[in-house]
Amino acid sequence: MRDTPSKSIGIREIAAAAGISIGTVDRALHNRAGVNPKTRNQVLKIAEKLGYKPNIAARTLKLNRRLRIAAHLPRQIASFFDPLRDGIREAAAALHSVTVDLSIRSYPHLGEGDVKLLEEDLEKDFDGILITPGNPNPLEPVIRRFTERGTAVVCVASDAPRSSRLASISADAAISGSIAAELLGTVLHCEGPVAIITGDLNTFDHGEKLRGFAATLATMAPHLTLLPAIESHESPREAYRVTLELLRRKSKPIGIYINTANSVPVLRAIEENGMWGRVRLITTDLFNELVPLIESGKILATLYQRPFTQGKLAFETLCRYLVDGVQPEPITRLAPHIILRSNLPLFLERLPDTLEMNNGTEGSSTMDFGPSRIRAK
7 MRDTPSKSIG IREIAAAAGI SIGTVDRALH NRAGVNPKTR NQVLKIAEKL
57 GYKPNIAART LKLNRRLRIA AHLPRQIASF FDPLRDGIRE AAAALHSVTV
107 DLSIRSYPHL GEGDVKLLEE DLEKDFDGIL ITPGNPNPLE PVIRRFTERG
157 TAVVCVASDA PRSSRLASIS ADAAISGSIA AELLGTVLHC EGPVAIITGD
207 LNTFDHGEKL RGFAATLATM APHLTLLPAI ESHESPREAY RVTLELLRRK
257 SKPIGIYINT ANSVPVLRAI EENGMWGRVR LITTDLFNEL VPLIESGKIL
307 ATLYQRPFTQ GKLAFETLCR YLVDGVQPEP ITRLAPHIIL RSNLPLFLER
357 LPDTLEMNNG TEGSSTMDFG PSRIRAK
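All residue numbers for the sequence shown refer to our numbering, where the first residue is 7 and numbers rise by one.
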């Protein structure tokens with residue numbers, strides 16, 4: 007006997023199995039209005055059980071237009087957001103069956119200019135938008151206006167959990183904070199204060215890192231005292247200033263967790279105050295300036311948030327929803343990578359080719375505050 011191909015599963019077969027109309031199935035599969043959550047879940051489960059695979063080409067012809075996607079990302083901090091943009095671009099270039107018009111736009115930094123930029127795109131008829139929320143509160147009504155008109159919004163690198171966004175893709179911020187606390191608790195055996203230098207606690211990602219750090223420090227390293235969190239608001243100048251103030255206190259910290267990529271000005275202040283070796287440091291992400299400091303042991307570890315993977319996965323998640331009607335998980339958290347001196351060589355290929363980034367501009371990780379430079383001694 008000759009094998010005969012199995013009949014492809016379509017909307018008609020799903021409707022028959024569910025005992026509902028074809029129109030209801032179509033609306034449920036593509037997350038349109040008019041279907042209650044119970045029915046939608048039933049349709050999705052039956053579709054998965056039957057092995058339903060949407061015809062991407064037919065779906066595109068049905069749309070009869072290009073897929074228009076915008077990505078709104080901060081210029082600061084370049085060492086993090088530039089590879090995140092690269093991940094988005096690579097995912098867009100890998101699409102073959104769908105034509106995508108991708109618009110990547112920038113604003114100064116988290117919480118500054120993001121609302122205005124998002125409002126400007128309300129009338130541009132985008133199918134989907136990728137955003138990194140700074141302060142979620144003023145963004146929530148704008149996100150709601152987008153979703154009400156059928157534009158899918160996906161958060162990347164941070165979240166606006168109370169908004170109507172479709173999904174959130176980021177490194178697990180609370181776990182990052184917990185890892186930092188455990189590492190410091192392991193190497194710091196005497197009693198003393200530790201500090202966390204963050205960006206802005208209104209940013210969901212930064213707040214979650216503080217939460218994870220504080221909880222783990224209290225349970226796994228009770229001999230260490232957590233000082234009040236220090237916010238740099240992602241400004242290199244402010245990060246430098248607040249670090250100097252911290253180091254000039256009578257009770258100096260014996261450990262510091264810098265939970266953003268805005269770490270170079272903090273390290274500069276530590277160098278100028280002769281604190282190398284007197285304070286254990288954990289940083290965030292990886293860029294050229296950190297390499298000699300990790301190699302020399304001046305930085306104990308850095309927690310790599312995998313920005314390229316975040317951008318790529320966020321774009322792919324959005325496209326699967328727009329093209330295939332695949333409803334994503336509301337929250338996807340990536341495991342952060344712990345980079346130590348021993349495994350640093352495994353990550354060096356991810357670094358940019360040039361040492362200087364953004365020519366020392368305000369958004370750069372190489373902000374120069376004076377004649378000396380950060381170096382491994």
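Backbone N, C-alpha and C define an ideal beta-carbon position, used for all residues, glycine too.
- Boundaries of the alpha helix (DSSP H) around G29: I28 to L35.
- For F152, the CB contacts under 6 Å within the same chain, skipping 5 residues up- and downstream, are V159 in chain order.
- Remark: C-beta atoms of A177 and Q311 approach each other more closely than 8 Å.
- In this structure, T289 and I260 do not form a Cβ contact; the two beta carbons are roughly 16 Å apart against a cut-off of 8 Å.
- Per DSSP, reduced to three states, the secondary structure at V285 is strand.
- The count of Cβ pairs closer than 8 Å, one atom from the segment 268-287 and one from the segment 212-225, stays below three, leaving the stretches out of contact.
- Nearest C-alpha to A307 among R255, F86 and L299: L299.
- Straight through space, the alpha carbons of P234 and A53 are spaced by roughly 51 Å.
- Residue pairing for S176: DSSP places it in a beta bridge opposite R339.
- Taking every protein chain shown into account, the CB of R274 has 16 or more other CB atoms within 10 angstroms, so this residue is buried.
- Using a Cβ-Cβ distance cut-off of 8 Å, the segment 339-350 and the segment 111-122 are not in contact, since fewer than three pairs of beta carbons, one from each stretch, lie closer than that value.
- Leaving aside the five residues that flank G198 on each side, the residues in its chain whose CB is nearer than 6 Å to its CB run, in chain order, I260.
- Exposure of H229 is indicated by the presence of fewer than 16 other C-beta atoms within 10 angstroms of its C-beta.
- Note on geometry: alpha-carbon atoms of P147 and K258 lie some 43 Å from one another.
- For the pair I75 and V106, the CB atoms are nearer than the 8 Å cut-off.
- In the structure shown, the three-state DSSP call for V106 is strand.
- Of the residues assessed, P242 falls on the buried side of the cut-off, its CB having 16 or more other CB atoms within 10 angstroms.
- T323 sits close to I175, with the two beta carbons spaced by under 8 Å.
- Separation of the CB atoms of L136 and I94 is rounded to 7 Å, and the pair is thereby assigned contact status at 8 Å.
- Each of R284, Y246, T192 and K44 was checked against the Cα of K304, and the nearest Cα belongs to R284.
- C161 has its alpha-carbon roughly 6 Å from the corresponding atom of A173.
- Taking the Cα positions, E295 is about 58 Å away from R18.
- The alpha carbon of R46 has as its nearest neighbour, out of G119, L56 and I26, the alpha carbon of I26.
- In the DSSP assignment, Y246 falls within the alpha helix (DSSP H) that extends over P242 to L253.
- If you check the CB distance, E240 and G183 do not come in under 8 Å.
- Straight through space, the alpha carbons of F314 and I345 are spaced by roughly 16 Å.
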